[in-house]
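Asker: Just passing along the structure, written as structure tokens.
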Amino acid sequence: MKRFFRSLQAKYMAIILVALFLFQAAYLLVAMLVMGLQEDISGEKNKNESDPNHIEEKWHADAAELENSSSETIQRLFSKWKNDYPDASMFWVDEKGNVLEQLDVKGDLPANWTPAFTAKFIKERYGGDPFTVISFIGGDEKNGFIVLEIPRNLFLPPIVEVTEKYGLLLGAGLLLIISLFIIVSFLFFRGIRKRLLHLQEAMERRDMDNLPIGIDVKKNDEIGQLEQTFNEMIIELKESKQREQEEEQLRRELIANLSHDLRTPLTKINAQTYSIAKENLSPEGKQAVKALETSIVNIDRLIENLMSYTLLMASKHKQELIELDAVRFVRESMASWYPVFEKESFEVIIELEPFEEKWQADPVWLSRIFDNILQNVLRHAKDGLYLEVATESTYEYDEIIFIDHGKGLNNSSGEKGAGIGLSIIDLMVKGMKLDWEMESGVDGTAIRIRRIK
Amino acid sequence: MVRILYIEDEGDIGSWLKNDLGERGYEVIWLQSGEGMENYLSDADIAILDVMLPGLDGFSLGKRIKKVKNDMPVLMLSARTAVEDKLEGLSFADDYLTKPFQPDELAARIEVLLRRFQKNDQVLELHHIQVHTKDLRIIDREADGEIQLTGKQYQLFQYFIRHLNQILTKEQLYEGVWGEQYMEGDKTLMVHIRYLREKLERNPSRPEIIETIRGIGYRVKI
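Those protein sequence lines, which keep their order, are chains A and B. Here the working numbering is used: the first residue of the first sequence is 380, the next is one more, and so on. Here the working numbering is used: the first residue of the second sequence is 34, the next is one more, and so on.
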């Protein structure tokens with residue numbers, strides 16, 4: 380229940396209820412106002428006094444009661460009625476049709492009333508405005524008649540009268556109440572809208588780990604609950620990410636340990652081989668030692684490649700892209716590789732022209748790619764004794780080219796194991812959104828690492 | 034005699050390398066764990082550490098050595114080849130060599146480190162000149178006199194001697210000696226190399242000591 384009263388729904392219901400109450404109250408207020416005004420308008424006058432029928436009866440009665448038709452009595456009657464009905468006008472026409480007395484009559488009355496005019500007057504005034512009562516004096520037509528005129532608006536219902544008098548004020552009051560309701564509704568929805576926008580903004584904000592940041596929950600209504608749920612979701616996301624990272628770490632650790640455990644005995648074999656090599660060996664013995672040494676190097680390389688390949692396939696190989704000068708990078712790679720090719724008597728040609736733009740690449744990955752390419756050249760293209768590393772730039776791309784004069788990959792040198800090296804090149808090049816191409820024929824192989832501009 | 038503190042738990046590898054390095058003229062103190070390492074630190078000139086060790090691992094030992102004796106070169110020698118391991122190792126150590134390795138390569142790296150930390154005074158024979166590595170005195174054997182270098186030439190030559198047998202790119206040399214970012218097309222380095230050659234080489238137009246490796250950079254090789 381407590382929760383219900385905190386909800387937006389409850390608040391909205393409250394606003395509607397208040398609005399309904401306000402409208403009702405407005406009418407009540409108006410009614411009360413009208414009552415008050417009515418008092419004001421009719422003053423002491425009781426209800427009967429504003430009833431036309433009653434007036435008519437009373438006028439007839441007063442007329443009938445008149446004993447003579449002297450000017451004096453008529454005047455007295457007129458002034459008595461004038462006292463009661465200040466807006467009324469009265470006049471007396473005698474039996475001959477002469478107007479003898481009149482009080483506050485608007486417009487001109489003919490001095491002499493012909494039967495025709497009398498008929499016309501009666502016809503005009505019947506049901507018309509002003510309300511007109513015609514009575515014979517003493518109830519006898521011989522004495523002439525007296526006429527009472529009262530403006531009709533005196534008999535209008537009070538509300539109409541009030542509307543006419545205070546209409547503007549009432550309209551303004553109603554308008555004020557409606558505006559008040561609209562403003563309260565507007566503020567209510569603006570508040571909701573603001574909080575929703577704030578929530579949206581907060582959802583878009585990202586932390587260091589690229590997850591959304593928790594929201595400070597201030598109210599316990601529907602939006603507050605939404606924020607709460609959102610916060611719980613973030614916590615779950617964080618936990619899941621952490622679990623994933625732990626698994627990743629475990630996997631990496633496992634592979635690293637496996638590789639370590641494979642390499643340790645290999646190092647021992649290497650040590651023994653080295654010791655044997657120092658003995659006085661027959662030519663066959665020397666050849667066997669040489670073969671052993673080559674195998675050790677090959678196994679070492681295979682373990683390394685297998686490890687990288689497994690990590691790459693599971694997308695667990697760490698990648699940190701930075702902006703780097705690719706030409707400088709390849710030059711430094713070649714600086715460390717040059718002595719190896721020099722020892723094998725390769726002709727090494729290096730033609731590097733600076734690129735205009737930097738590359739977005741992971742230096743560790745890039746050097747791994749270069750190492751794999753150069754290792755392949757060293758192992759599979761030994762016959763050509765030629766290595767060329769060059770750059771090429773066009774409007775569309777920058778590329779680094781490695782050319783050898785070996786027998787090509789399909790007619791390779793008997794030494795196997797280039798496959799996994801090339802797969803790693805492929806995965807790493809694509810992983811850094813670069814491109815690569817390999818042409819291989821009997822005259823040699825060219826590998827191009829390309830960055831599209 | 035150079036003393037090497039070598040920590041390796043694998044008996045076969047440890048005894049083999051101890052012998053091999055011994056034959057190369059080093060005195061090797063071989064321990065199978067980091068326990069008691071502190072007792073030998075003051076005597077040793079360089080440390081070679083395995084990573085996977087009983088008790089404290091090689092990384093922790095290396096960091097401890099660097100804390101106690103910062104001027105002692107540390108070389109990590111491990112079968113752990115993952116980039117993460119190398120990066121962690123190189124965050125404090127001076128070199129990282131992976132197993133299996135060639136003893137010749139290890140010896141060469143030890144020499145580089147010793148030169149870099151100026152632990153031993155070697156006399157290098159570079160064609161017609163002799164270089165004393167510790168104070169970088171250069172003797173011209175043919176003219177039988179010392180060759181004097183100016184400040185920048187001295188620094189440049191020292192950089193070459195510290196990176197002996199290594200090919201150095203223009204960028205590396207410039208940034209290593211001048212300590213500023215190399216700008217493409219800057220001729221300062223080439224001018225200084227020419228001056229240096231004029232002082233050192235028999236025939237500066239056919240340099241023997243400071244080789245040009247076309248397309249890459251320069252090298253001083255024994």
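All C-beta atoms in this analysis are idealised placements derived from N, C-alpha and C, irrespective of residue type, glycine included.
Ordered along the chain, which non-local residues of its own chain (more than five positions away) have a Cβ less than 6 Å from that of Gln155 of chain B?
Answerer: For the purposes of this step, residue 155 of chain B is taken as residue 122 along the second sequence, with counting starting at 1. For Gln155 of chain B, where only same-chain residues beyond five positions count, the Cβ hits under 6 Å are Thr166.
Asker: Measure the alpha-carbon distance for Glu672 of chain A versus Phe134 of chain B and round it to whole angstroms.
Answerer: Numbered from 1 along the first sequence, position 293 holds the residue referred to as residue 672 of chain A. Numbered from 1 along the second sequence, position 101 holds the residue referred to as residue 134 of chain B. Between Glu672 of chain A and Phe134 of chain B, the C-alpha separation is close to 11 Å.
Asker: Within the 8 Å Cβ cut-off, does Met713 of chain A reach chain B?
Answerer: Counting from 1 along the first sequence, the entry for residue 713 of chain A is found at position 334. It does: the Cβ of Met713 of chain A has a partner Cβ on chain B nearer than 8 Å.
Asker: Going along chain B in order, which residues have a C-beta closer than 8 Å to the C-beta of Ala740 of chain A?
Answerer: Here residue 740 of chain A refers to the residue found at position 361 of the first sequence. Per Cβ cutoff of 8 Å: no residues; Ala740 of chain A is ~15 Å from chain B at best.
Asker: Listed from N- to C-terminal order along the chain, which residues in the segment 87 to 110 of chain B have their beta-carbon within a distance smaller than 7 Å of any beta-carbon of chain A?
Answerer: Per Cβ criterion, the list is empty.
Asker: In whole angstroms, what separates the C-alpha of Ile79 of chain B from that of Asp42 of chain B?
Answerer: As a position in the second sequence, residue 79 of chain B is number 46, starting the count at 1. As a position in the second sequence, residue 42 of chain B is number 9, starting the count at 1. If I take the Cα positions, the gap works out to 18 Å.
Asker: Please list, in chain order, the residues of the segment 127 to 157 of chain B that have any C-beta partner in chain A closer than 7 Å.
Answerer: Under the 7 Å Cβ criterion, the segment 127 to 157 of chain B contributes Lys132, Pro133 and Pro136.
Asker: Nearest chain A C-beta to Asp118 of chain B closer than 8 Å, yes or no?
Answerer: Here residue 118 of chain B refers to the residue found at position 85 of the second sequence. Yes, Asp118 of chain B lies at the interface with chain A (some Cβ there is under 8 Å from its Cβ).
Asker: Where Glu423 of chain A and Ser429 of chain A are concerned, what is the direct C-alpha to C-alpha distance, given to the nearest angstrom?
Answerer: The residue given as residue 423 of chain A occupies position 44 in the first sequence. The residue given as residue 429 of chain A occupies position 50 in the first sequence. Reliability fails at Glu423 of chain A, whose pLDDT of 44 lies under 50, so the model's placement of it is uncertain and the value that follows must be treated cautiously. Their backbone Cα atoms lie some 11 Å apart in a straight line.
Asker: Verify whether the separation of the beta carbon atoms of Arg57 of chain B and Ala140 of chain B is less than 8 Å.
Answerer: As a position in the second sequence, residue 57 of chain B is number 24, starting the count at 1. As a position in the second sequence, residue 140 of chain B is number 107, starting the count at 1. Against a cut-off of 8 Å, the Cβ pair of Ala140 of chain B and Arg57 of chain B comes out as a contact.
Asker: Using a Cβ-Cβ cut-off of less than 9 Å, list which residues of the segment 730 to 764 of chain A approach chain B; keep chain order.
Answerer: So the list reads Glu730, Leu731, Pro733, Val743 and Arg747, given in the order they occur along the chain.
Asker: Looking at the unbroken alpha helix (DSSP H) that takes in Met713 of chain A, where does it start and where does it end?
Answerer: As a working note, residue 713 of chain A is residue 334 in the first sequence. Segment Ala705 to Lys722, the alpha helix (DSSP H) holding Met713 of chain A.
Asker: Sort A:Ile780, A:Leu645 and A:Asp595 by Cα distance to His577 of chain A and report the nearest one.
Answerer: Counting from 1 along the first sequence, the entry for residue 577 of chain A is found at position 198. The shortest C-alpha separation from His577 of chain A is found at A:Asp595.
Asker: Residues of chain A with a CB under 7 Å from the CB of Glu204 of chain B: which are they?
Answerer: In the second sequence, residue 204 of chain B corresponds to position 171, counting from 1. Here the neighbours are Arg707.
Asker: What are the partner residues of Phe515 of chain A, as DSSP defines its beta bridges?
Answerer: For the purposes of this step, residue 515 of chain A is taken as the residue at position 136 of the first sequence. Bridge partners of Phe515 of chain A: A:Phe524.
Asker: For the alpha helix (DSSP H) that Thr643 of chain A lies in, which residues bound it at each end?
Answerer: The residue labelled residue 643 of chain A in the question sits at position 264 within the first sequence. It spans Glu601 to Ala656 - the alpha helix (DSSP H) in which Thr643 of chain A sits, taken as one unbroken run.
Asker: Considering only C-alpha positions, which residue in the set A:Trp492, A:Ser468 and A:Pro494 is nearest to Asp508 of chain A?
Answerer: Counting from one through the first sequence, the residue named residue 508 of chain A turns up at place 129. If we check each option's Cα against that of Asp508 of chain A, A:Ser468 comes out closest.
Asker: Compare the C-beta of Lys647 of chain A against all C-beta atoms of chain B and say whether one is closer than 8 Å.
Answerer: Within the first sequence, the letter at position 268 stands for residue 647 of chain A. Yes, Lys647 of chain A lies at the interface with chain B (some Cβ there is under 8 Å from its Cβ).
Asker: What residue from A:Gly810, A:Leu806 and A:Asp783 has the CA that sits closest to Glu818 of chain A's CA?
Answerer: Numbered from 1 along the first sequence, position 439 holds the residue referred to as residue 818 of chain A. Looking at the Cα atoms, A:Asp783 is the closest of the given residues.
Asker: Just the chain B side, please: which residues come within less than 9 Å of Tyr653 of chain A by C-beta, in chain order?
Answerer: Here residue 653 of chain A refers to the residue found at position 274 of the first sequence. Residues of chain B passing the Cβ test: Trp49, Asp53, Gln135 and Pro136.
Asker: Could you give the first and the last residue of the continuous alpha helix (DSSP H) run that contains Leu64 of chain B?
Answerer: Indexing the second sequence from 1 puts residue 64 of chain B at position 31. Unbroken run through Leu64 of chain B is the beta strand (DSSP E), Glu60 to Leu64; no alpha helix (DSSP H).
Asker: With 7 Å as the C-beta to C-beta threshold (strictly closer), list the residues of the segment 678 to 695 of chain A near chain B in chain order.
Answerer: Residues Asp679 and Glu683.
Asker: What residues of chain B sit near Lys722 of chain A, judged by a beta carbon separation below 7 Å?
Answerer: Numbered from 1 along the first sequence, position 343 holds the residue referred to as residue 722 of chain A. What Lys722 of chain A touches in chain B: nothing, since even the nearest Cβ is about 12 Å away.
Asker: Under a three-way DSSP split, which group does His433 of chain A fall into?
Answerer: For the purposes of this step, residue 433 of chain A is taken as the residue at position 54 of the first sequence. Correct three-state label for His433 of chain A: helix.
Asker: Taking C-beta pairs closer than 9 Å, name the residues in chain B that Ser867 of chain A reaches, listed in chain order.
Answerer: No statement about residue 867 of chain A is possible, as the shown extent of chain A runs from 380 to 832 and does not include it.
Asker: Reducing DSSP to helix, strand and coil, say where Leu813 of chain A ends up.
Answerer: On the first sequence, position 434 is the one that residue 813 of chain A refers to. Residue state, collapsed to three classes: coil.
Asker: Please classify Gly763 of chain A as buried or exposed, where buried requires at least 16 other C-beta atoms within 10 Å of its C-beta.
Answerer: If you number the first sequence from 1, residue 763 of chain A lands on position 384. Buried, since its Cβ has 16 or more Cβ neighbours within 10 Å.
Asker: Contact between the segment 807 to 818 of chain A and the segment 63 to 74 of chain B is defined here as three or more beta-carbon pairs at a separation below 8 Å; is this criterion met?
Answerer: No, the segment 807 to 818 of chain A is not in contact with the segment 63 to 74 of chain B.
Asker: Can you tell me the Cα-Cα spacing of Leu757 of chain A and Pro718 of chain A, whole angstroms?
Answerer: On the first sequence, residue 757 of chain A is found 378 positions in, with the first residue counted as 1. On the first sequence, residue 718 of chain A is found 339 positions in, with the first residue counted as 1. Those two C-alpha atoms are separated by around 12 Å.
Asker: Our contact map puts Glu778 of chain A next to Ile828 of chain A with C-beta atoms below 8 Å; I'd like the distance itself, whole angstroms only.
Answerer: Here the question's residue 778 of chain A lines up with position 399 in the first sequence. Here the question's residue 828 of chain A lines up with position 449 in the first sequence. At roughly 6 Å, the Cβ-Cβ gap stays under 8 Å, so Glu778 of chain A and Ile828 of chain A are in contact.
Asker: Could you name the residues of the same chain whose beta carbon sits closer than 7 Å to that of Leu488 of chain A, not counting the 5 residues immediately before and after it, in chain order?
Answerer: Here the question's residue 488 of chain A lines up with position 109 in the first sequence. If we look at Leu488 of chain A and ignore the five residues flanking it on each side, its Cβ neighbours are Phe470, Val478 and Gln481.
Asker: In the DSSP assignment, what are the bridge partners of Trp738 of chain A?
Answerer: For this step, residue 738 of chain A is matched to residue 359 along the first sequence. A:Leu703, per the DSSP bridge assignment.
Asker: Whose Cβ in chain A lies nearer than 8 Å to the Cβ of Leu201 of chain B?
Answerer: Here residue 201 of chain B refers to the residue found at position 168 when the second sequence is read from its first residue. Under the 8 Å cutoff, chain A gives Ala714.
Asker: Beta-carbon within less than 8 Å of Pro202 of chain B's beta-carbon, same chain only, minus the 5 sequence neighbours each way: which residues are those?
Answerer: By one-based count along the second sequence, residue 202 of chain B stands at place 169. The identity of residue 202 of chain B in the sequence shown is Thr, whereas the question assumes Pro. Around Thr202 of chain B: Ile249 and Gly250.
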